[in-house]
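Enquirer: Structure provided below as structure tokens; questions to follow.
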Amino acid sequence: MSTAVQARQKTGRAEPRTKGAGMLDALHAEWTKLRTVSGPAWLLLGVVALTAAVSAAADGATHCPAGMNCPVDPAKLSLTGIQFGQAVVAILAVLVICNEYSTGMIRTTFTAMPRRLLVYAAKAVIVAVVVLAAGAVAVLGSVLAGHLILPSHGFTASRGFHPVWLSYGPALRAATGSVLYLALIALLSLGIAALVRDSAVAIGAVLAILYLFPIILAFVTDPAWQHRLERWTPTNAGLTIQATTGLRNLAISPWGGLGVLAIWAGAALLAGGMMLRVRNA
Amino acid sequence: MTTVSVPRAEAAAGADARRSGFGSLLRSEWTKFRTVRGWVIGMIVAAILTVLVGLFAAGGVNIGCGSSGGAAKSGKACLPYIPHGPGGEVVTDSFNFAHQPLTGNGSITVRVTSFRGEHANITGHPAQAGNGPNMAPGLMPWSKAGIIIKENLHQGSAYAAMMVTGGNGVRMQDNYTGDTAGLPGSVSAAGPRWLRLTRSGDAITGYDSADGTHWAKVGTVQLAGLPATVPAGMFATSPSYVVTQTSFGGGSSSGGPSQATGVFDHVTVSGNPAGGTWSDTPVGGGGPLSQSGPAGPAGLRGASGPAGFSHAGGAYTLTGSGDIAPVTPGPGSSLPTTTIEQSLTGAFIGLIAIVVVAAMFFTAEYRRGLIRTTLAATPQRGRVLAAKALVAGAAAFVTGLVAATVAVAVGVPLEAGKGQVVLPVPALTEIRVVVGTAALLAVAAVFAIALGAVLRRSAAAITLAVVTVVLPFLLTALHVFPSGVGAWLLRLTPAAGLAIEQSIPNYPQVTNVIDPARGGYPLPPFAGFAVLCAWAAAALALAFFLLRRRDA
Numbered sequence: 001m002s003t004a005v006q007a008r009q010k011t012g013r014a015e016p017r018t019k020g021a022g023m024l025d026a027l028h029a030e031w032t033k034l035r036t037v038s039g040p041a042w043l044l045l046g047v048v049a050l051t052a053a054v055s056a057a058a059d060g061a062t063h064c065p066a067g068m069n070c071p072v073d074p075a076k077l078s079l080t081g082i083q084f085g086q087a088v089v090a091i092l093a094v095l096v097i098c099n100e101y102s103t104g105m106i107r108t109t110f111t112a113m114p115r116r117l118l119v120y121a122a123k124a125v126i127v128a129v130v131v132l133a134a135g136a137v138a139v140l141g142s143v144l145a146g147h148l149i150l151p152s153h154g155f156t157a158s159r160g161f162h163p164v165w166l167s168y169g170p171a172l173r174a175a176t177g178s179v180l181y182l183a184l185i186a187l188l189s190l191g192i193a194a195l196v197r198d199s200a201v202a203i204g205a206v207l208a209i210l211y212l213f214p215i216i217l218a219f220v221t222d223p224a225w226q227h228r229l230e231r232w233t234p235t236n237a238g239l240t241i242q243a244t245t246g247l248r249n250l251a252i253s254p255w256g257g258l259g260v261l262a263i264w265a266g267a268a269l270l271a272g273g274m275m276l277r278v279r280n281a
Numbered sequence: 001m002t003t004v005s006v007p008r009a010e011a012a013a014g015a016d017a018r019r020s021g022f023g024s025l026l027r028s029e030w031t032k033f034r035t036v037r038g039w040v041i042g043m044i045v046a047a048i049l050t051v052l053v054g055l056f057a058a059g060g061v062n063i064g065c066g067s068s069g070g071a072a073k074s075g076k077a078c079l080p081y082i083p084h085g086p087g088g089e090v091v092t093d094s095f096n097f098a099h100q101p102l103t104g105n106g107s108i109t110v111r112v113t114s115f116r117g118e119h120a121n122i123t124g125h126p127a128q129a130g131n132g133p134n135m136a137p138g139l140m141p142w143s144k145a146g147i148i149i150k151e152n153l154h155q156g157s158a159y160a161a162m163m164v165t166g167g168n169g170v171r172m173q174d175n176y177t178g179d180t181a182g183l184p185g186s187v188s189a190a191g192p193r194w195l196r197l198t199r200s201g202d203a204i205t206g207y208d209s210a211d212g213t214h215w216a217k218v219g220t221v222q223l224a225g226l227p228a229t230v231p232a233g234m235f236a237t238s239p240s241y242v243v244t245q246t247s248f249g250g251g252s253s254s255g256g257p258s259q260a261t262g263v264f265d266h267v268t269v270s271g272n273p274a275g276g277t278w279s280d281t282p283v284g285g286g287g288p289l290s291q292s293g294p295a296g297p298a299g300l301r302g303a304s305g306p307a308g309f310s311h312a313g314g315a316y317t318l319t320g321s322g323d324i325a326p327v328t329p330g331p332g333s334s335l336p337t338t339t340i341e342q343s344l345t346g347a348f349i350g351l352i353a354i355v356v357v358a359a360m361f362f363t364a365e366y367r368r369g370l371i372r373t374t375l376a377a378t379p380q381r382g383r384v385l386a387a388k389a390l391v392a393g394a395a396a397f398v399t400g401l402v403a404a405t406v407a408v409a410v411g412v413p414l415e416a417g418k419g420q421v422v423l424p425v426p427a428l429t430e431i432r433v434v435v436g437t438a439a440l441l442a443v444a445a446v447f448a449i450a451l452g453a454v455l456r457r458s459a460a461a462i463t464l465a466v467v468t469v470v471l472p473f474l475l476t477a478l479h480v481f482p483s484g485v486g487a488w489l490l491r492l493t494p495a496a497g498l499a500i501e502q503s504i505p506n507y508p509q510v511t512n513v514i515d516p517a518r519g520g521y522p523l524p525p526f527a528g529f530a531v532l533c534a535w536a537a538a539a540l541a542l543a544f545f546l547l548r549r550r551d552a
């Protein structure tokens with residue numbers, strides 16, 4: 001409630017200057033909402049900790065014994081934690097919208113800022129920015145773990161493994177791409193949350209989208225369907241950004257794959273935005 | 001406020017609390033559950049999606065078989081002859097067999113002095129042409145050589161055998177699924193192994209010995225209806241060499257054939273030193289591999305290959321390739337095999353939907369403040385938790401049972417129509433898989449209820465319940481981790497419960513790959529399910545503790 005009052009005051013002060021709340025006011029309001037409750041901070045901490053910890057565990061569990069040919073992509077292995085981190089990112093993004101619906105706060109918000117798409121855009125920007133920041137820390141931690149652990153586990157340059165470090169072009173692409181991946185997952189979740197409005201249903205839908213396609217891909221043995229699933233489903237296509245070996249055999253190029261995820265996120269945001277405008281809050 | 005209503009509720013309920021307390025509590029929770037339209041729709045959606053995704057996965061089994069006959073073929077046309085064992089299971093039955101007829105009761109005894117093998121040299125890179133025989137020395141753990149008494153020379157017929165193996169010591173095996181350990185250790189000239197099989201009616205008894213003097217009985221098996229005269233003799237075989245590539249986003253496996261050579265002497269049949277004529281039959285194309293040409297599937301077992309059986313002095317040398325074992329799904333199988341649980345892939349989406357409904361069933365009460373009314377009416381908070389868990393679990397079970405039954409009933413014929421060998425299982429196993437899937441969803445619902453009570457936030461509870469079941473499965477199925485780590489994930493996390501869907505057991509005499517997407521889990525079905533139940537029970541206990549301690 002106090003945040004709502006603050007948002008009002010802010011709007012009130014801005015009014016004489018800009019004739020109604022502008023993007024900056026909306027951003028400020030959303031940032032205040034996110035900053036002043038403890039949930040998002042814990043979730044962001046969870047993103048960083050889970051991603052880095054799972055990545056480090058994956059590094060620690062993988063050895064390449066001498067004399068064996070190990071078909072392992074070290075960069076991808078070092079970024080395994082993204083698989084977990086994305087679930088926490090999804091919670092964060094879903095709650096940014098759904099918490100307002102569950103408490104009725106959304107009506108206050110829309111009363112203060114009747115331009116709903118402005119509020120929506122501000123939420124998207126704020127969520128994307130905080131996820132980018134947390135994602136960068138998480139990915140840096142994962143890369144650092146891979147850099148420190150993998151060489152002692154047999155993944156050395158002398159055996160043809162490229163270092164997991166940002167000086168190696170493809171590894172840099174995998175790392176930055178993974179940060180962008182998390183941000184796109186956040187936007188996808190935000191769009192679905194705006195569409196569904198209930199946090200339980202929204203998180204269920206997001207988790208289904210994130211994990212169901214890879215599961216189906218694991219079961220399906222038809223090469224044509226495998227190819228389609230690898231190219232067009234959000235997680236499989238999006239995570240090709242992490243590939244640094246066997247680039248010729250990818251179903252879709254790394255940036256192309258991230259583009260597919262961006263299309264999913266864009267479509268979800270668009271659908272969510274349209275419903276936000278049309279429906280009663 | 002609540003302090004006023006609690007004693008009143010207690011007083012009102014006091015008299016009949018002991019008689020109908022829990023029954024009426026169950027009824028009130030059931031009323032809550034069925035009157036929220038969204039939850040009922042959620043359960044129906046769970047059932048429909050389970051069936052649809054299951055059918056998609058069942059229809060998505062299609063391994064091309066164009067290479068087998070030159071022209072591309074598809075569907076049932078490309079299936080080779082599929083032997084079935086006496087127990088009805090699909091089996092591999094390919095080995096090189098040097099035999100002579102054994103009439104009536106009798107025995108066969110040999111000494112194995114040498115056992116060696118070689119396998120396709122898979123380096124992860126395509127074989128280079130003109131590289132000569134692309135083979136590396138080495139036995140497979142289940143390369144086999146020894147003596148066998150077999151019903152006839154047809155694939156899939158009954159048998160009993162004593163054998164030395166590449167990595168599992170002396171074994172007695174029968175009818176593809178039976179396996180008993182004998183002497184440990186491997187064979188060498190200095191440490192040979194003596195093997196003996198004795199027939200008495202339908203009973204075949206196996207013995208082993210390290211010196212030919214001191215014999216130990218390994219086991220006795222009954223081969224019902226064995227004819228009076230049966231082929232008996234020496235055999236050698238060696239299963240394919242499989243390498244699983246670990247690449248994220250889809251594990252693939254490559255491999256190649258292998259062959260094993262056993263050297264036998266002191267061969268006696270029915271007490272007579274064997275000077276009689278030995279016939280050499282490569283049962284199921286199980287002769288030695290041809291020495292040239294790149295490594296590839298089938299086709300290598302050429303009739304053009306070198307003779308796999310030779311005799312010099314008192315020593316017999318026999319070389320064979322293949323296996324005498326049940327067919328298991330997954331890499332290494334020479335057949336396009338699939339399992340009945342392939343059509344239950346949709347249980348994952350059903351699980352997500354059911355977990356959403358179950359978590360909401362508890363957290364919604366917190367959101368609306370209804371929890372205070374509920375707890376005022378039933379001050380024993382543990383009972384409320386139990387009633388909710390029971391109602392949601394039962395609803396999930398019924399939903400899952402309907403969905404799994406339909407998915408298997410429709411999906412399995414669909415798989416078979418795609419030219420797949422759907423590995424047959426006994427009716428009881430099929431029931432366990434279907435009912436187990438329903439039970440899996442029920443326990444997942446209880447787990448979600450408990451997490452909902454602990455966390456009081458639906459989003460967090462749902463994510464935790466889904467991720468702990470789905471992600472260990474996914475990371476193992478995609479071979480993100482080395483298989484040892486993946487196996488531990490599937491032993492310790494709630495995902496272990498998925499093992500209840502495994503229809504083909506992990507036979508000890510087959511090199512099993514832990515590949516949950518192909519029906520291979522590290523724990524036996526009910527043990528894995530017990531792990532999930534333990535997680536649900538632990539979450540319930542924590543929920544019970546917190547529910548009593550915390551203010552509602």
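Chains A and B are the protein sequences, given in the same order. For the first sequence, our numbering assigns the number 1 to the initial residue and increments by one for each residue that follows. For the second sequence, our numbering assigns the number 1 to the initial residue and increments by one for each residue that follows. Note that CB positions come from ideal geometry on N, CA and C, so glycine has one too. This one's a predicted model, so the numbers in the text were calculated from it and none came from an experiment.
Which residues, in order along the segment 166-193 of chain A, keep a beta-carbon less than 7 Å from a beta-carbon of chain B?
Expert: none
Enquirer: Measure the Cβ-Cβ separation of B/L102 and B/V221 and say whether it is below 8 Å.
Expert: no
Enquirer: Taking beta-carbon pairs under 9 Å, can you tell me which members of the segment 389-418 of chain B lie near chain A?
Expert: Contact annotation: in the segment 389-418 of chain B, residues whose CB is within less than 9 Å of a CB in chain A are K418.
Enquirer: Using 8 Å as the limit for Cβ to Cβ distance, is B/S458 near chain A?
Expert: Yes, because at least one Cβ of chain A sits closer than 8 Å to the Cβ of B/S458.
Enquirer: Quick one: which chain A residues come within Cβ less than 8 Å of B/Q502?
Expert: Simply none; closest approach about 14 Å.
Enquirer: In angstroms, rounded to a whole number, what distance separates the CA positions of B/A439 and B/F526?
Expert: 11 Å
Enquirer: Does the distance from the C-beta atom of B/A136 to that of B/P257 stay below 8 Å?
Expert: no
Enquirer: So, is B/R549 buried or exposed, given that buried needs 16 or more other C-beta atoms within 10 angstroms?
Expert: exposed
Enquirer: Which chain A residues are close to B/T345, counting only those with a beta carbon under 8 Å from its beta carbon?
Expert: I215, I216, F219
Enquirer: May I ask you to list the residues that DSSP assigns as paired with B/H119?
Expert: B/A136, B/S258
Enquirer: Check whether the Cβ of B/R491 lies closer than 8 Å to any Cβ atom in chain A.
Expert: Cβ-Cβ to chain A under 8 Å: no for B/R491.
Enquirer: Going straight from the alpha carbon of A/T108 to that of A/A268, what length do you get?
Expert: 25 Å
Enquirer: Once you ignore the five residues that flank A/L240 on each side, which residues in its own chain have a CB closer than 7 Å to its CB?
Expert: Reading off the sequence shown, one finds Thr at residue 240 of chain A, where the question assumed Leu. Non-local beta-carbon contacts of A/T240 in its own chain, meaning distances under 7 Å to residues more than five positions away in sequence, involve L250, I252, P254, G257 in chain order.
Enquirer: I want to see whether chain A comes within less than 8 Å of B/R367, judged by CB atoms only; does it?
Expert: Taking Cβ atoms only, chain A reaches closer than 8 Å to B/R367, which makes this a yes.
Enquirer: Which residues, in chain order, does the segment 87-120 of chain A contribute to contact with chain B at a C-beta distance below 8 Å?
Expert: A87, V88, A90, I91, V94, L95, C98, S102
Enquirer: Taking the C-alpha atoms as reference points, what is the distance between B/L390 and B/L26?
Expert: One C-alpha to the other measures close to 8 Å.
Enquirer: Please report whether the beta-carbon of A/I149 lies at a distance below 8 Å from any beta-carbon of chain B.
Expert: no
Enquirer: The alpha helix (DSSP H) that contains A/F282, what's its start and end?
Expert: Past the edges of chain A, shown from 1 to 281, lies residue 282 of chain A, and the structure says nothing about it.
Enquirer: Is any beta-carbon of chain B found at less than 8 Å from that of A/S199?
Expert: yes
Enquirer: Cα separation between B/A190 and B/V164?
Expert: 15 Å
Enquirer: Measure the Cβ-Cβ separation of A/H162 and A/T80 and say whether it is below 8 Å.
Expert: no
Enquirer: Going by beta-carbon coordinates alone, are B/G285 and B/G320 separated by less than 8 Å?
Expert: no
Enquirer: Quick check: B/A392 and B/I349, are their CB atoms within less than 8 Å of each other?
Expert: no
Enquirer: Closest by CA to A/I192, which one among A/A134, A/G104, A/V94?
Expert: A/V94
Enquirer: For B/F529 versus B/I504, is the C-beta distance shorter than 8 Å?
Expert: no
Enquirer: Within 10 angstroms of its Cβ, does A/K76 collect 16 or more other Cβ (buried), or is it exposed?
Expert: Buried.
Enquirer: For B/Y159, which three-state DSSP category applies?
Expert: strand
Enquirer: Who are the Cβ neighbours of B/Q155 in its own chain at under 8 Å, not counting the five residues just before and after it?
Expert: Answer for B/Q155: Y81, P83, V91, D93, S94, V283, G284, listed in chain order.
Enquirer: Is the Cβ-Cβ distance between A/A265 and A/L187 less than 8 Å?
Expert: yes
Enquirer: Where does B/Y81 fall in DSSP's three states?
Expert: Here B/Y81 sits in coil by DSSP.
Enquirer: For chain A, is any of its Cβ atoms less than 8 Å away from the one on B/I514?
Expert: no
Enquirer: Taking B/T345 as the reference, which of B/D174, B/R432, B/V470, B/A444 has the closest Cα?
Expert: B/V470
Enquirer: Just curious, the beta strand (DSSP E) that B/K418 is in, first and last residue?
Expert: Careful: B/K418 lies outside any beta strand (DSSP E) and carries neither H nor E.
Enquirer: Could you tell me how far apart the beta carbons of B/V398 and B/G42 are, in whole angstroms, since I believe they sit closer than 8 Å?
Expert: Actually they are not in contact, since the Cβ atoms of B/V398 and B/G42 sit about 14 Å apart, beyond 8 Å.
Enquirer: Could you round the C-beta distance between B/K150 and B/V230 to whole angstroms and report it? I think they count as a contact, below 8 Å.
Expert: 6 Å
Enquirer: Would you kindly work out how many angstroms separate the C-alpha atoms of B/L489 and B/N105, rounded to a whole number?
Expert: 51 Å
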